[in-house]
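Counting in my numbering, the sequence shown runs from 5 upward without gaps. Don't be surprised by glycine CBs; every beta carbon is placed ideally from N, CA and C. All figures in this text were calculated on a predicted structure; none of them were measured in a lab. These notes are about the structure you will find just below.
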Amino acid sequence: MRLENKRIVLTGAASGIGYALAEDLARLPVRLLLVDRDPLDLSGLKNVKAEIFCFTGDMGDPAEVDQLFADAVQQMGGIDLFIANAGFAYYERINQSDWHHMETIFKVNVLSPLYAVTKMRELNSANPYRVVITASAMAHMAIPGYAYYAATKAALHRFADAYRLELPAHGGLTLVYPVATRTNFFRTGSPIPYPSQSPRFVARRILSGIRRDANAVYPATQFWLSLPLIRLVPLAGRLYQRFYARYLPK
């Protein structure tokens, strides 16, 4: 997909990978709706060529997600590219049952992006479109302390496997599988797993994948190359997981 002159929605735009994407997209001649639950500070964007709109809302709230789509259609006339980047993680040892705790992360990380996939199909019955969802390397191999987070990313992975076979010819679905990215994601005090990468690096890989109409983007080549080893020699993955299990909170 050519990005120039497209109408783009980007969620989770206030920090991390989302902000790095916003910086790069703002330099292109596009119409760009930036979304976050926190107020957006655009003062750091440089060489801006995009027409930028903002939306503040909780992507775990169905009413606010519907309002986002309504605003995007009203302000931009439609959506060609939806980047569902909003998401969060718990880093914890799961010691007790808590329905609301589980429901909160699944609403934001799973239900909201899947809803965006179906909404984009409704909005674009004939026009070419693409949805990009930030998944995680943990969709393939989880790290102790991130059980719920890994479950949400694995759910996205399996959905995409099946749903791509249902997509119309003019629709596209891309999943991104970053390894540990050096952002506030790790502000909870959890160790930053190896390997790690910068948000800028991930953002540029995502944009390259969109331009190539890629179904999957693995920013860290070493992780992509390691996947066959993890499948063929499960012990290698298990040793990696056990190493990080030592850092679990009490």
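The alpha-carbon of E96 is positioned some 16 Å away from that of N188. The beta carbons of S140 and Y94 sit no closer together than 8 Å.
Contact check for G22 against L14 passes: the beta carbons are separated by less than 8 Å.
Of all C-beta pairs linking the region 165 to 178 to the region 208 to 228, three or more are shorter than 8 Å, placing the two stretches in contact. Within the model, the alpha-carbon separation for A158 versus Y251 is close to 23 Å.
DSSP places A155 inside the alpha helix (DSSP H), whose first and last residues are 151 to 167. Counted as a single uninterrupted DSSP element, the stretch harbouring A130 is not any beta strand (DSSP E), since DSSP gives it neither H nor E. Annotated as distal: L25 and I234, with beta-carbon spacing of 8 Å or more. Distance from the CA atom of K111 to the CA atom of K123, rounded to whole angstroms, is 16 Å. Collapsing the DSSP output to three states places R11 in a strand. Remark: C-beta atoms of G64 and Q71 do not approach each other more closely than 8 Å. Relative to the Cα of A166, the nearest Cα in the group D217, V121, D40 belongs to V121. Taking L239 as the centre and dropping the five residues before and after it, the same chain places no C-beta closer than 7 Å to its C-beta. For G91, the three-state secondary structure derived from DSSP is coil. For the 8 Å CB-CB criterion, L171 and V114 do not form a contact. Spatial neighbours of I56 in its own chain (CB-CB distance under 7 Å, excluding positions within 5 residues in sequence) are listed in chain order as A30, L36, L38, L46.
With fewer than 16 neighbouring CB atoms inside 10 Å of its own CB, N131 falls in the exposed class.
For the 8 Å CB-CB criterion, R186 and S212 do not form a contact.
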